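Peer 1: Okay, here's the structure, questions in a sec.
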Amino acid sequence: LKGAVGPTTAAIIVEPVQGEGGARSLSEQSLKALRQLCDETGTLLIFDEIQCGLGRTGKLFAYEWADGVKPDILALAKALGGGFPVGACVTSAEAGAGMTVGSHGSTYGGNPLAMAVALASMEELAKPELMDHVREVSGYFTQQFNGLKDRYPDVVVDIRGKGMLMGLKLATPNREFMQHARDQHLLIAGGGDNCVRLLPPLNLTLEEAREAVSKLEQACEAARAKAKAAA
Ligand SMILES: Cc1ncc(COP(=O)(O)O)c(C=O)c1O
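Numbering (the working numbering), first residue to last: 323 to 553.
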């Protein structure tokens, strides 16, 4: 990355925890190194937290897991409206100096309904007890996923992600695994690097998490059976 940054580089944009790419979490060390590189070269650091932000990882912003690291620009959406379409571009005072009133027009930008919804959503997301809950339930998931990995090493090869942005890297095709989960009435997403991704609601109960794990276990059984039949 150092080699790729030159005098014409305006910014570096990364997801602190990659979503579609396969639930891959950047280490604290990497985030710190990125901040340092940007500071040294006068490059803007942009974090895309559209998927990993707003409580998803158990902190309001995923970058908060890296002590002292702050972006110059932050992209937010998804949970910002709790289902209602709204996104936001947040900047430091310095990076946003050029964004004066009227310099960035948008038909629906700042509309009162979206702003009221985002405010209500932010009020819920900013509650410390919700973040405690995310950490508790995601801790349970991690422990259970590691159990699945131990019991089904022929199906689950890696556990990834952070908080409730969770990924299982598979040895069997992820699309087929999604169908096995769907057969159990569990909807999960795909992801890069042959992963399946789980991003349940942040208010998921432990009871519901247990049910999801049990359905995933059935999906692992089905994936194993299919691989054996094909061998
Ligand atoms: C990390 C990330 N960035 C950007 C986007 C696109 O966001 P939007 O649809 O709000 O433009 C997505 C959508 O899935 C995403 O996951």
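We put the beta carbon where it would ideally sit given N, CA and C, even for glycine. Since we're looking at a predicted model, the values are computed, not measured.
Taking the beta strand (DSSP E) that Asp480 belongs to, which residues open and close that run?
Peer 2: That run of the beta strand (DSSP E) goes 478 to 484.
Peer 1: Let's see if you can read the secondary structure: which residues bound the beta strand (DSSP E) around Gly513?
Peer 2: Unbroken beta strand (DSSP E) run through Gly513: 511 to 513.
Peer 1: Throw me the rounded Cβ distance for the Cys542 and Val456 pair, which I believe falls under 8 Å.
Peer 2: Not confirmed; about 25 Å, so no contact.
Peer 1: With DSSP collapsed to three states, give me the class of Asp361.
Peer 2: Three-state DSSP puts Asp361 in a helix.
Peer 1: Looking at ligand 1, does it come within less than 7 Å of Gly485, judged from the CB to the closest heavy atom?
Peer 2: No.
Peer 1: Say the cut is 7 Å; is the CB of Glu337 nearer than that to a heavy atom of ligand 1?
Peer 2: Glu337: yes, Cβ under 7 Å from ligand 1.
Peer 1: Extract the residue ranges of the beta strand (DSSP E) inside the stretch 337 to 421, only unbroken runs of 3 or more that lie entirely within it.
Peer 2: Whole beta strand (DSSP E) segments, 3+ residues: 366 to 370, 395 to 398, 410 to 413.
Peer 1: Measuring CB atoms only, is the stretch 405 to 422 touching the stretch 513 to 528, in the sense that at least three cross pairs come out at less than 8 Å?
Peer 2: With a cut-off of 8 Å, the stretch 513 to 528 and the stretch 405 to 422 do not count as touching, because too few Cβ pairs lie within range.
Peer 1: Mind checking whether the beta-carbon of Glu533 lies closer than 7 Å to any heavy atom of ligand 1?
Peer 2: Answer for Glu533: no, Cβ out of range of ligand 1.
Peer 1: Would you check if there are 3 or more beta carbon pairs closer than 8 Å linking the stretch 367 to 386 to the stretch 333 to 340?
Peer 2: Flag = yes, the stretch 367 to 386 and the stretch 333 to 340 touch.
Peer 1: I believe Gln540 touches Gln506 by the beta-carbon criterion, under 8 Å. Please report the beta-carbon distance rounded to the nearest angstrom.
Peer 2: Sure, about 5 Å apart at Cβ, within 8 Å.
Peer 1: What's the gap between the Cα of Cys374 and the Cα of Gly483?
Peer 2: Rounded to whole angstroms, Cys374 to Gly483 spans 9 Å at the Cα level.
Peer 1: Would you give the residue range spanned by the alpha helix (DSSP H) that Leu492 belongs to?
Peer 2: Careful: Leu492 lies outside any alpha helix (DSSP H), inside the beta strand (DSSP E) at 487 to 492.
Peer 1: Check whether the Cβ of Gly512 lies closer than 7 Å to any heavy atom of ligand 1, and answer yes or no.
Peer 2: Answer for Gly512: no, Cβ out of range of ligand 1.
Peer 1: On a Cα-Cα basis, can you pick out the residue from Leu490, Gly424, Lys449, Met486 that is closest to Gly469?
Peer 2: Of the candidates Leu490, Gly424, Lys449, Met486, the one whose C-alpha sits nearest the C-alpha of Gly469 is Leu490.
Peer 1: Could you pull out every residue in the same chain whose Cβ sits closer than 8 Å to the Cβ of Ala417, ignoring the five residues on either side in sequence?
Peer 2: Leu366, Asp394, Ile395, listed in sequence order.
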